[in-house]
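Quick notes on the structure that follows.
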Amino acid sequence: MISLPVVLAAGAVMFGIGLYGVLGQTNAVMVIMGVELMLGAGMLNVVGFLRYAHPDAASGTFFVLVIMTLMAVEATVGFALVVATFRHSRTAELDDLTELSG
Amino acid sequence: MSPAAWLWLAVALPLVGGLGVRLAPRRLMAPVAAGAAAITLLPASALVALAARGETAASGGRWLGSAGLEVGLRLDGLSAAMAGIVALTGAVVVVYATGYFEEHPRGRSALAGLLAFVAAMQALVLADGFLMLLIAWEIVGALSARLIAFGRERPDAPAGAVRAFLTTRAADTGLYLAVFALWAATGSLAFTADRPDGALGALVASGLLLAAIGKSAQVPLQSWLAGAMAGPTPVSALLHSATMVAAGVYLLARNEALLAGWPLELAGWIGASTAVLGALIALGERDLKRVLAGSTSSQLGLMLVGVAAGGPAVAVFHLAAHAAGKATMFLAAGAFQHARGSTDLEDLRGVARAQPAAFAAFALGAASIAAVPPLAAFWSKDAIVAAAETNPAWLVLVLLAGAGSAAYLLRPALVLADRGAITVGGSRAGAGAERGARQAGAGAERREGQGADAAPVQRRVPPVMVGAAAVLAGAGVLLGALGAPLAGLLGAPAPETTLVSVAGSLLALVAGAVVVRRPRALAALGHAGTAVGAGLLRGADAAGGAVRLGARGVAAVDERVAVRLPDALARGAAALSRGVDRADRGGLDAAVDGVGRGGLLAASASDRVERGGIDAAVDGLARAVGRGGRGASAAQTGKLHEYLRDAVLGAAAIALLIALTAIT
Numbered sequence: 001m002i003s004l005p006v007v008l009a010a011g012a013v014m015f016g017i018g019l020y021g022v023l024g025q026t027n028a029v030m031v032i033m034g035v036e037l038m039l040g041a042g043m044l045n046v047v048g049f050l051r052y053a054h055p056d057a058a059s060g061t062f063f064v065l066v067i068m069t070l071m072a073v074e075a076t077v078g079f080a081l082v083v084a085t086f087r088h089s090r091t092a093e094l095d096d097l098t099e100l101s102g
Numbered sequence: 103m104s105p106a107a108w109l110w111l112a113v114a115l116p117l118v119g120g121l122g123v124r125l126a127p128r129r130l131m132a133p134v135a136a137g138a139a140a141i142t143l144l145p146a147s148a149l150v151a152l153a154a155r156g157e158t159a160a161s162g163g164r165w166l167g168s169a170g171l172e173v174g175l176r177l178d179g180l181s182a183a184m185a186g187i188v189a190l191t192g193a194v195v196v197v198y199a200t201g202y203f204e205e206h207p208r209g210r211s212a213l214a215g216l217l218a219f220v221a222a223m224q225a226l227v228l229a230d231g232f233l234m235l236l237i238a239w240e241i242v243g244a245l246s247a248r249l250i251a252f253g254r255e256r257p258d259a260p261a262g263a264v265r266a267f268l269t270t271r272a273a274d275t276g277l278y279l280a281v282f283a284l285w286a287a288t289g290s291l292a293f294t295a296d297r298p299d300g301a302l303g304a305l306v307a308s309g310l311l312l313a314a315i316g317k318s319a320q321v322p323l324q325s326w327l328a329g330a331m332a333g334p335t336p337v338s339a340l341l342h343s344a345t346m347v348a349a350g351v352y353l354l355a356r357n358e359a360l361l362a363g364w365p366l367e368l369a370g371w372i373g374a375s376t377a378v379l380g381a382l383i384a385l386g387e388r389d390l391k392r393v394l395a396g397s398t399s400s401q402l403g404l405m406l407v408g409v410a411a412g413g414p415a416v417a418v419f420h421l422a423a424h425a426a427g428k429a430t431m432f433l434a435a436g437a438f439q440h441a442r443g444s445t446d447l448e449d450l451r452g453v454a455r456a457q458p459a460a461f462a463a464f465a466l467g468a469a470s471i472a473a474v475p476p477l478a479a480f481w482s483k484d485a486i487v488a489a490a491e492t493n494p495a496w497l498v499l500v501l502l503a504g505a506g507s508a509a510y511l512l513r514p515a516l517v518l519a520d521r522g523a524i525t526v527g528g529s530r531a532g533a534g535a536e537r538g539a540r541q542a543g544a545g546a547e548r549r550e551g552q553g554a555d556a557a558p559v560q561r562r563v564p565p566v567m568v569g570a571a572a573v574l575a576g577a578g579v580l581l582g583a584l585g586a587p588l589a590g591l592l593g594a595p596a597p598e599t600t601l602v603s604v605a606g607s608l609l610a611l612v613a614g615a616v617v618v619r620r621p622r623a624l625a626a627l628g629h630a631g632t633a634v635g636a637g638l639l640r641g642a643d644a645a646g647g648a649v650r651l652g653a654r655g656v657a658a659v660d661e662r663v664a665v666r667l668p669d670a671l672a673r674g675a676a677a678l679s680r681g682v683d684r685a686d687r688g689g690l691d692a693a694v695d696g697v698g699r700g701g702l703l704a705a706s707a708s709d710r711v712e713r714g715g716i717d718a719a720v721d722g723l724a725r726a727v728g729r730g731g732r733g734a735s736a737a738q739t740g741k742l743h744e745y746l747r748d749a750v751l752g753a754a755a756i757a758l759l760i761a762l763t764a765i766t
């Protein structure tokens with residue numbers, strides 16, 4: 001059985017990559033992928049903690065399933081928005097989308 | 103329908119009508135207003151019929167749910183009689199006003215104001231308890247000022263409105279004081295017959311007296327009424343002769359039992375002195391409407407004497423007779439005004455020839471107010487004389503006022519009927535009409551006169567105006583028979599008519615008629631007779647000729663019976679009245695103006711405080727908020743990266759916070 005610190009370390013790396021994707025990438029698709037990675041890291045942490053603290057509880061599994069569904073929905077809506085934005089202004093570069101500038 | 107429903111309908115119908123006039127298209131203005139005015143008669147006559155059967159009713163509820171603060175309407179003899187008077191004069195005047203404002207660009211607003219006034223006045227006379235009375239009293243006062251200022255093209259209209267508002271406003275504080283004192287003493291604002299003891303009772307009584315004096319233009323607050331004449335003539339007829347100024351008399355009549363004793367005594371003295379002073383003012387005025395305003399003060403003074411000496415029935419009888427007679431004169435004056443564009447007596451010289459029907463109505467109204475038997479005001483004034491017999495001083499003053507009324511009404515009547523106008527006064531009349539045409543502005547059709555002795559300029563007088571005046575004149579004739587039924591309605595014995603009172607009234611009438619104009623008095627009376635005759639008997643020329651011949655005969659005889667005594671008397675009266683008039687304009691008006699200026703000073707002082715302290719604080723706050731807003735909008739770059747960065751930093755901060763608190 002993989003020990004908890006290994007799981008947490010893997011999760012932290014994944015979260016860091018995801019955060020980099022969110023903050024560092026200029027393409028909307030890459031940003032959404034970064035978010036996905038961060039969610040995945042969070043999910044990994046949840047699974048790790050549950051296995052460590054409550055190995056017999058089934059509720060943890062359900063929680064992870066809920067997060068997966070959330071990821072799927074988020075990706076769907078996010079990519080749909082990106083496609084719509086692309087059709088509208090022929091770009092998916094975030095730096096060019098400044099219509100909300102105050 | 104139940105009495106309660108009729109009560110609320112009496113208030114609601116004119117109000118809805120007023121709204122309807124305001125919203126209706128302009129071409130429907132006249133029919134909507136006339137219809138609303140006419141339908142107002144229905145609940146009023148139902149109320150009178152119910153009251154005549156001896157029914158009483160009350161309908162109301164708590165004001166904002168507070169115990170003791172009831173607002174509502176009541177039906178009894180007094181309120182029904184007043185509602186009838188208000189509805190009748192209101193209906194006639196509104197119908198008249200549809201003609202008067204036919205060409206006025208803001209006519210709808212004026213008609214709506216008149217209808218709203220009828221509603222407020224109905225609420226005032228039907229009010230059950232002081233709270234409802236106070237509410238209606240305020241609305242009526244506000245509408246009065248608004249309607250006086252309606253003709254804002256004339257500089258004296260806003261000035262008159264301000265003076266009227268300030269004067270009545272100052273007097274209205276009396277009503278507030280009375281209401282507060284009554285509440286403090288009894289914890290109820292219902293009408294009551296028992297005056298509280300001690301200082302509170304005195305406050306209640308003197309407050310009510312002050313309010314009545316202000317509203318009814320009694321000494322020493324009478325001068326606002328003359329200024330109010332700057333308002334449109336229908337407004338003068340309805341508010342400032344027939345109904346609103348009578349609210350003071352109604353207030354005293356309604357609270358007669360509450361005011362028993364010294365307050366009523368004081369009211370009687372005030373009324374009697376106003377009756378004489380008003381007559382003198384009327385004698386000195388040069389403007390027809392201002393003559394009528396002085397007369398209104400005087401007649402309202404007689405009503406106060408009536409309340410004090412003879413009870414509400416006497417006063418309300420005279421109130422009804424006066425409302426019909428005086429409103430008739432105002433309506434006729436409005437017709438003259440339309441014909442000549444002015445109400446100055448010199449401008450109106452000889453207008454009777456052009457407006458025979460209006461002049462006939464005017465003469466009937468004047469004869470009634472001057473107490474010519476058997477017209478209405480003869481009987482009502484007679485009842486006041488009979489009641490005043492208990493107090494010789496009042497009796498003398500009342501008879502003097504009676505003589506004065508004959509004189510001050512005969513004077514304008516003679517000028518109006520002057521037959522020399524066409525040749526002698528043509529240019530004068532023309533000048534007046536010129537001014538009038540300028541005032542009236544566009545839309546006024548006028549025929550240009552030709553030649554040196556041009557005929558007076560003729561502007562169209564809508565027939566509905568003359569018709570309305572005639573209807574009211576007729577009502578004035580019929581009202582004379584109503585003394586006993588009216589007294590029955592109020593539950594009082596029928597007005598007395600004693601030999602002394604009849605003789606006294608007639609003597610006063612004759613004395614007034616003789617004094618009015620040096621030896622020419624009777625000759626002029628003859629002229630007036632011819633003019634009335636010519637107006638009434640236009641079709642029958644032969645009869646008119648006979649009347650004219652007879653009048654000339656009387657005139658010829660009278661010229662020779664020139665007596666010096668009436669001459670001197672007339673000069674004395676004229677000088678006295680001019681003096682009183684000057685004092686009225688100078689002293690009292692100056693005092694009122696002073697109060698107004700004081701108010702202005704206080705207002706400008708408070709304005710400075712407002713600019714300096716409050717406004718600066720508010721402005722500062724607004725500027726700070728504006729700066730903050732601009733600063734915040736700088737963060738709205740529209741760059742998603744920066745938003746995300748901020749979100750991450752925020753999340754990090756929160757995580758840090760949680761971590762730190764978890765540690766400790």
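So the protein sequences, as listed, match chains A and B. Going by the working numbering, 64 is the number at position 64 of the first sequence; the sequence numbering is gapless. Plus 102 on top of the position in the second sequence (first one is 1) and you've got the working numbering. Even glycine gets a Cβ: it sits at the ideal position worked out from N, Cα and C.
One Cα belongs to residue 178(B), the other to residue 413(B), and the distance between them is close to 16 Å. A Cβ-Cβ distance of about 58 Å is found for the pair residue 723(B) and residue 183(B), leaving them out of contact under the 8 Å criterion. Shown here is that no member of the stretch 62 to 81 of chain A has a Cβ falling below 7 Å from a Cβ of chain B. Within 10 angstroms of the beta-carbon of residue 511(B) lie 16 or more other beta-carbons, which makes it buried.
Rounded to the nearest whole angstrom, the CA to CA distance from residue 579(B) to residue 445(B) is 26 Å.
Look at residue 95(A): its C-beta is under 9 Å from a C-beta on chain B. Residues of chain A with a Cβ closer than 8 Å to the Cβ of residue 730(B) do not exist, since the nearest Cβ in that chain sits about 13 Å away.
In this structure, the beta-carbon distance from residue 28(A) to residue 98(A) does not fall below 9 Å. Shown here, residue 746(B) sits in a helix according to DSSP, grouped into three states.
In the DSSP assignment, residue 160(B) falls within the beta strand (DSSP E) that extends over 159 to 164.
Counting along the chain, no beta strand (DSSP E) covers residue 511(B); the unbroken alpha helix (DSSP H) around it starts and ends at 494 to 519.
For the stretch 672 to 727 of chain B, the full-length alpha helix (DSSP H) segments reaching 4 residues or more read 691 to 711 along the chain.
Residue contact check for residue 725(B) against chain A: no CB pair falls below 9 Å. For a cut-off of 8 Å, the C-beta gap from residue 411(B) to residue 496(B) is around 6 Å, short enough to register as a contact.
Here residue 175(B) carries a strand assignment [DSSP, helix/strand/coil]. Counting only runs of 4 or more residues that sit fully inside the stretch 343 to 388 of chain B, the alpha helix (DSSP H) segments are 349 to 356, 364 to 386, in chain order. Residue environment for residue 683(B): buried (at least 16 other C-beta atoms within 10 angstroms of its C-beta).
Excluding the 5 residues flanking it on each side, residue 447(B) has same chain C-beta neighbours closer than 7 Å at 388, 389, 390, 514, 517, in chain order. Neighbours of residue 134(B) in chain A, taken as residues at a C-beta separation under 9 Å, are lacking, since the least C-beta distance is about 53 Å. Nearest CB-CB separation between residue 758(B) and chain A: not below the 9 Å threshold. Short of 7 Å from the beta carbon of residue 40(A), and not among the five residues preceding or following it, lie these beta carbons of its own chain, in chain order: 14. DSSP lists 175(B) as the bridge partner or partners of residue 229(B). Annotated three-state conformation of residue 274(B) is helix, per DSSP. In the DSSP assignment, residue 299(B) forms no beta bridge with any residue. At a C-beta separation below 8 Å, residue 743(B) has these neighbours in chain A: 23, 26, 94, 95.
Excluding residues up to 5 positions away in sequence, 215, 218, 219, 222, 341 lie with their Cβ nearer than 8 Å to the Cβ of residue 245(B) in the same chain. Checking the DSSP bridge columns, you'll see residue 93(A) partnered with 27(A). Sequence-ordered contacts of the stretch 263 to 295 of chain B with chain A are nonexistent [C-beta pairs closer than 7 Å].
Less than 9 Å separates the beta-carbon of residue 416(B) from that of residue 486(B). A contact is defined here as three or more CB-CB pairs under 8 Å, and the stretch 323 to 338 of chain B meets this definition with respect to the stretch 254 to 266 of chain B.
When C-beta atoms of the stretch 283 to 300 of chain B are compared with those of the stretch 239 to 254 of chain B, fewer than three pairs fall below 8 Å, so the two segments do not count as touching.
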